[in-house]
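A.B. asks: Protein chains in written order, with UniProt numbering: chain A, 1 to 318; chain B, 1 to 805.
(1) Which parts of the segment 574 to 647 of chain B are runs of the beta strand (DSSP E), unbroken and 3 residues or longer, counting only runs that do not cross its ends?
(2) Compare the C-beta of residue 109/A against all C-beta atoms of chain B and say whether one is closer than 7 Å.
(3) Between the segment 568 to 585 of chain B and the segment 476 to 489 of chain B, can you find at least three pairs of beta-carbon atoms closer than 8 Å?
(4) Please determine, among 46/A, 154/A, 74/A, the residue with the shortest C-alpha to C-alpha distance to residue 97/A.
(5) Can you name the start and end residues of the beta strand (DSSP E) that residue 730/B belongs to?
(6) Measure the alpha-carbon distance for residue 143/A versus residue 205/A and round it to whole angstroms.
(7) Under the three-state reduction of DSSP, which class applies to residue 541/B: helix, strand or coil?
(8) In chain B, which residues lie less than 7 Å from residue 168/A when you measure between Cβ atoms?
(9) So residue 57/A and residue 200/A are supposed to be a Cβ contact under 8 Å. How far apart are they, rounded?
(10) Hey, quick one: how far does the alpha helix (DSSP H) through residue 553/B stretch, first residue to last?
(11) Cutting at 6 Å between CB atoms, please list the residues of its own chain near residue 172/A, excluding the five before and the five after it.
(12) Cβ of residue 571/B within 7 Å of Cβ of residue 599/B?
(13) Give me, in chain order, the residues of the same chain whose beta-carbon lies closer than 8 Å to that of residue 759/B; leave out the 5 immediate sequence neighbours on both sides.
(14) Check whether the Cβ atoms of residue 161/A and residue 301/A sit closer than 7 Å, and answer yes or no.
(15) Can you tell which of 58/B, 631/B, 548/B has the C-alpha that lies nearest to the C-alpha of residue 508/B?
(16) Please classify residue 68/A: does DSSP put it in a helix, a strand, or coil?
(17) On a Cα-Cα basis, can you pick out the residue from 797/B, 62/B, 544/B, 709/B that is closest to residue 722/B?
(18) Strictly below 9 Å CB to CB, what residues from chain A border residue 279/B?
(19) Find out if the Cβ-Cβ distance for the pair residue 216/A, residue 309/A is shorter than 7 Å.
(20) Would you check if the distance between the CB atom of residue 43/A and the CB atom of residue 236/A is smaller than 7 Å?
(21) Check whether the segment 515 to 530 of chain B and the segment 413 to 429 of chain B touch, using three or more Cβ-Cβ pairs below 8 Å as the test.
(22) I need the boundaries of the alpha helix (DSSP H) containing residue 63/B, first residue and last residue.
(23) Given a limit of 7 Å on CB to CB distance, which residues of the segment 763 to 780 of chain B reach chain A?
(24) Using a Cβ-Cβ distance under 7 Å, would residue 57/A count as near chain B?
(25) Assuming residue 778/B and residue 714/B are in contact, meaning their beta carbons sit under 8 Å apart, how far apart are those beta carbons, in whole angstroms?
(26) Is the shortest distance between the beta-carbon of residue 296/A and the beta-carbons of chain B less than 7 Å?
(27) Which ranges would you report for the alpha helix (DSSP H) in the segment 508 to 543 of chain B if only whole runs of at least 4 residues count?
(28) Using three-state DSSP, classify residue 254/A as helix, strand or coil.
(29) Does the beta-carbon distance from residue 737/B to residue 788/B come in below 7 Å?
(30) Give the range of the beta strand (DSSP E) segment to which residue 164/A is assigned.
(31) I'd like to check one pair, residue 82/A with residue 322/A: are the Cβ atoms closer than 7 Å?
(32) Following the continuous alpha helix (DSSP H) through residue 5/A, name the residue where it begins and the one where it ends.
(33) Mapping the DSSP letters down to three states, classify residue 481/B as helix, strand or coil.
(34) In three-state DSSP terms, what is residue 337/B?
(35) Tell me the DSSP secondary structure of residue 300/B in three-state form.
(36) Leaving out five residues on either side along the sequence, give the residues of the same chain with a beta carbon under 7 Å from the beta carbon of residue 78/B.
Right, here's the structure in full:
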C-alpha cells in the first residue's frame, strides 16, 4: 500500500450519478419502474436443468425481466438499468464419499454455498463470501435439509453451489436508503436459490420428499396507497418497483405435503390492508402469499424436472 | 334410550340368525309401539308418504327410537324418491359442502379409508394390474345432512350451509347458460370479461380477496386462484385452517371434491393454462447457455427473443480440422518464413556490398559456435578400474563415525588419537593448547584438532562433521567426527552414512552417563544402526573422573550392551574400552595407572584395527553423494568431496549430477589426499570437476555416470522402523547429506518384525518400535533409489529410519 498518495478504492466502482443528470434522453426525469403485474401475478420463470455436464445435477433459473426493464433493454434511455432480474445457476455435486478425515455421519452432509458473481449486484461483490452470502447459504441449507431423505446416504456429502449471476435489487437505485430499507433483494434471491437447488437435486436424482419451491410475498406501500390504509400484499415483488417494502416473507414450500421447510419473515407486518372481511393477521397473509408464489414456482419446477427425467430416459435408452 | 340397545352378552345364549340382537319381549313391544306411531305420522303428515315396516324400524333403530326424527328422516327420504321419479336430473345434484370451513354439525362418524382393506386381496408386491392406478383417496369431508334428522327447512342449518345451498341453487340456474367453458389466463386479466366468464361462478382468487376493499363485489372473471395451481393439494395449509370463520358471502368456496363433476372441464382448463404460462422462454443470455434447440416452443412472441448466439452450437461445431502430419508443422512454417525473410533482409545489403555477404555469413556461423565457457577436454585413460584396484596393494581402509551424547568427549578423544598417532604434529597441538587456554577452555585443545570452525571452537561443541585421516600399520582410517548436540543430528546422519563402523563415546562420569543414555547416546546408536552400521565400539570415556572404577564400567557395559542388543547390534560386534581422552589412557597405549590394572582388554586403536575389511559394491553403477563443494585451488576451481558408495570412476569420466541433471567431467581426482587416476567404492575422494557451473552442485547431490543415471523420484515406498508414532504428516527425509522436506502420504501396512509379512493393512497410526511399510512423497524430485537407507525426522526428532523398496 502506497501511503504517499491518495489511493483509489480497493474494488471497482461505478461512475457517480448525480441527481441533476437523472434525466433521460427525452428530457423526462427517470422514474421508478412501476409494477405492471397484478398483485398476485407472478413473474415468469425460466428453469432448465442439466446445464453443467460435469456436475451430478445442475440447474439454471432466471426471472423474466419486469416490463420496465424489458423496455429499457430494448430501447435504452439511460446507462443505468431500472431494475434487475434474477439469474442464477446451481450445481450439485454428490452424493460423494466424505473425506477420510471427516467424522462418521449417519446422514448425508449437506453443504450449501451461495456466491454472488462480482458483477451480480450494483455494488460489486468480493471474491470471498461475505456475511449475506453465508446467510443465504444457511437459509438454503435449512430449506433443503427438510426435503432430502438424508438417512439414505450415510457417510456421504452433498455440495450445493449456487452462483448468482444477476441479483435482485434491494431498492430502486435512485432511492436513498430509508428506515424501511433492508436487503429485500436477498429474499428474492433465496426463493430463486431454493427453486433452483430443488431442480438441481432432482436432476442429480437424489431422493426427496417433494419438490420444494421458493416463493416471496411482500407488504408494500406505494405512491398509490393512501396514508390511512396499510401496505398491500403483493406476490413476487421486485423491490425496485416499490417505494417501500414494509415486510417480506420467503418460504420454501412443499405443495405435495403442504409443508413449509423454511420461513423467513422480515420487517413489520403488523399493519396490512387486506381485503374486506379478510381477518387474517398481516404475517398470516404474507405467509399465505408466499406459499401461493411458491405454488406458482412449483408448476415450473415440476415441468423442468419432468424434462430432466425425460432427458435421462432418453440417455438411458441410448 | 341406550338401554334398549343393551346387548345381553351371555355365553350361554343361543344367538339367532343375524347373531346380532336378540330383542327382549318388552323392547320388542316398545319398538312395535313406535313403529305404529311413525307410520301414522308419515301418513298424516304434509307430504303423505308410505313406508314399509322394515324401513321404519331401521330408522327407529338408527335414531334410538326417537319417533320425531325417524319421521323426518323417512319423510325426507321418501319425498326425494318421489322427486327423483318425477324429475330424475334434478336429483343428480350432489350437495356442495362449504369448504374449507367445516360445518358446526360435524359428526365424528366418517367412513375411514383403510389402506389395509383396500389391499386386502393384493399380496405383497404382487398387485394385480388393474389395481395399479393412481389412488385418489377422497378427502374425508363431513357427510352433510345424513344424520341431520331435522328437516332441511328447519332452523338448524348453519349459515354456511345455507350459503352453500344458495350458491348451488344459483349455479343450477346458470349452468344451462354456460355455452362454452371460460378460457382465461393470468395474462388475460385485463381483457374485458365475457358474459360466459362472468356467469362462471369460479372460486375467488386471492387477488380478489385482496382487492376486495377496492371493488368488493367485482365478480370473478374466471382466473383460477393460484391456490388451485397446486394440483392435488390434499388439504389447505394449517394456517388456513386456523383462520377465523368468515361468514360473509365473499367466502371463497373452493371446489369441493364432488364439484368437478359438473364444471370439471372448465376447471381443468383453468388449471392448465397458467401452468404453461408461468414458464418463461430463456432470455438471450440463457439461450446461449442452454442452447437454442432446448428453447421451449412458445407461440407467444417474446421481447426476449433476439438473434442469439448459441454457444452450444458454436462449440459443437467441428471447426478445427485434424492436423495432417505429412506436411510441415506450424512451427516449421513460421521458422521457414522467418528464415526466408532473414535471407531477404541479408540480401538487400548484399546487393550493395557483395563482399560483406560472405563475411556476415561467417560471422553468424561463428557466433553460433562461440560459447563463453571454454570446454575442457580431459583425456580418459580408459583404465579397467577394477583390475587396477586388484593389482594395487593398498592398505585396507575403513571409515568410522564417532557418535555420542553432547560433551561426551568425542572430539577430544579423536584429537588425542590423532595426536598420539602423530597425525597432528606437536607444534600445532601446542598452538591449539595455547589458544584454548587463552579463552579459558584448556580442556578443549585436543578437540580443536577436529573442530576447525571458529564458532565450533568458541562454543566448544562440534557443529558439522569433520573428517580426518590417520594410519596404523595395517589400516588407513578416516575419522568422521559427528556432532553430539541434538540440534545437529542431520549432520550426524550425514556422517554416519559414510561410516563402516561406529565408535560410541560414553561419558562415564556420574550423572552424565545417565543423561546421555536418555539423550543422544540412544538416538545416535539407533540412527547408525538404521544407517546400516553393523559394528560398534563403545569407548567409555572420562574413566579418570571416576578413578577407573570397575563397577562403574561394568554397570555401563551392562546397560549399554542391553540397549545396543535391543537396537539390533549383535553382541559379537559390540566392544567396550574404558579410556580417557584427555589423558590418553587406553587409546594408543595401555594405562599405567594402577587403578586400571583390572582391564586387560585391547586399547581403542587395537580395537579399531580388528575391524575386518569391508566389501563394497565395486561393480555396481557409480553412486557418490557430494559431501562438500569447494574451491580447491587455482588450478582446480571446482572440487567436490565425498565417499564413493558404489561403482568406480576415473579421470576423464563424464559424470551426471542429480537432481540438476547437469554433466561434468573429472579433471583430476584425489583418493585420501593422494592424486590418483581412479577411485572405487569405499574410498573418500576429492573430484576436481570441469565443464560445469557450481550452481548445479550442492552437497547432498548424487554423482553418477550418464550411462546409468539415478532417477529423480517424488515418491517412494520404504520399510521403516518407527521411533515415534507415525501418521500421515510432514517429515524431513535425510539421506546422508541430502535432506528434503516431504510427507508421509500413506501407511501401507505394519509388518511383522521377524518375517516382514504384513500384519495390518492401512493402519491409522504406527506405534513406536514397530516396522511398517509407508509411502513418502516429496515436492521436488530427489535422486533416490532402492536400496538406500533413509531417515525420517519431524520437529527436530528422528521419527523413523528405513530402507527404500
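Using N, Cα and C, we set each Cβ at its ideal position, and we do this for glycine too. As the structure is a computational prediction, the values presented were derived from the model and not from experiment.
C.D. replies: Checking against the coordinates, here is how it stands:
(1) Segments of the beta strand (DSSP E) lying fully in the segment 574 to 647 of chain B: 574 to 578, 623 to 630, 639 to 646.
(2) Taking 7 Å as the CB threshold, residue 109/A stays off the interface with chain B.
(3) By the Cβ test, the segment 476 to 489 of chain B is not in contact with the segment 568 to 585 of chain B, since fewer than three Cβ pairs between them sit closer than 8 Å.
(4) Answer by Cα proximity: 154/A.
(5) Counting along the chain, the beta strand (DSSP E) containing residue 730/B begins and ends at 730 to 735.
(6) Using only the alpha carbons, I get a separation of about 18 Å.
(7) Three-state DSSP puts residue 541/B in a strand.
(8) Under the 7 Å cutoff, chain B gives no residues; its nearest Cβ is about 15 Å from residue 168/A.
(9) Right, the Cβ-Cβ distance comes to about 4 Å (below 8 Å), so this counts as a contact.
(10) In the DSSP assignment, residue 553/B falls within the alpha helix (DSSP H) that extends over 550 to 567.
(11) Closer than 6 Å at the Cβ level, and outside the excluded window around residue 172/A, lie 32, 240.
(12) The answer is no: Cβ separation not under 7 Å.
(13) By the criterion of a C-beta distance shorter than 8 Å, residue 759/B is surrounded in its chain by 749, 750, 751, 752, once the five residues flanking it on both sides are discounted.
(14) No.
(15) Its Cα nearest to that of residue 508/B, the residue 548/B stands out among 58/B, 631/B, 548/B.
(16) Note: residue 68/A maps to helix in three-state DSSP.
(17) Checking every option, the nearest Cα to that of residue 722/B belongs to 797/B.
(18) Chain order gives the chain A residues near residue 279/B as 44, 45, 46, 47, 299, 300, 303, 304, where near means a beta carbon separation below 9 Å.
(19) Against a cut-off of 7 Å, the Cβ pair of residue 309/A and residue 216/A comes out as no contact.
(20) It is a contact, given that the beta carbons lie within the stated cut-off.
(21) Counting Cβ pairs under 8 Å, fewer than three are found: no touch.
(22) First-last for residue 63/B: undefined, no H or E at that position.
(23) Taking 7 Å as the Cβ-Cβ cut-off against chain A, none of the residues of the segment 763 to 780 of chain B qualify.
(24) Chain B, which has no Cβ nearer than 7 Å to the Cβ of residue 57/A, makes this no.
(25) With a beta-carbon spacing of about 5 Å, residue 778/B and residue 714/B fall inside the 8 Å limit used to define contacts.
(26) So yes, residue 296/A belongs to the interface.
(27) Those alpha helix (DSSP H) runs which fall completely within the segment 508 to 543 of chain B and span 4+ residues are 512 to 518, 520 to 530.
(28) The answer is strand: DSSP assigns residue 254/A an E or B state.
(29) Contact: no.
(30) Per DSSP, residue 164/A belongs to the beta strand (DSSP E) from 156 to 166.
(31) Absent from the model: residue 322/A. The displayed extent of chain A is 1 to 318, so no value can be given.
(32) Element bounds for residue 5/A: n/a, residue is neither H nor E.
(33) Reduced to three states, the DSSP call for residue 481/B is strand.
(34) Here DSSP, grouped into helix, strand and coil, assigns residue 337/B to helix.
(35) Only weak support is given to the placement of residue 300/B: the predicted model assigns it a pLDDT of 43, under 50, and the value that follows is read from those uncertain coordinates. Coil at residue 300/B, not helix or strand.
(36) Cβ-Cβ distances below 7 Å link residue 78/B to 49, 51 in the same chain, with the five nearest sequence neighbours on each side left out; the list follows chain order.
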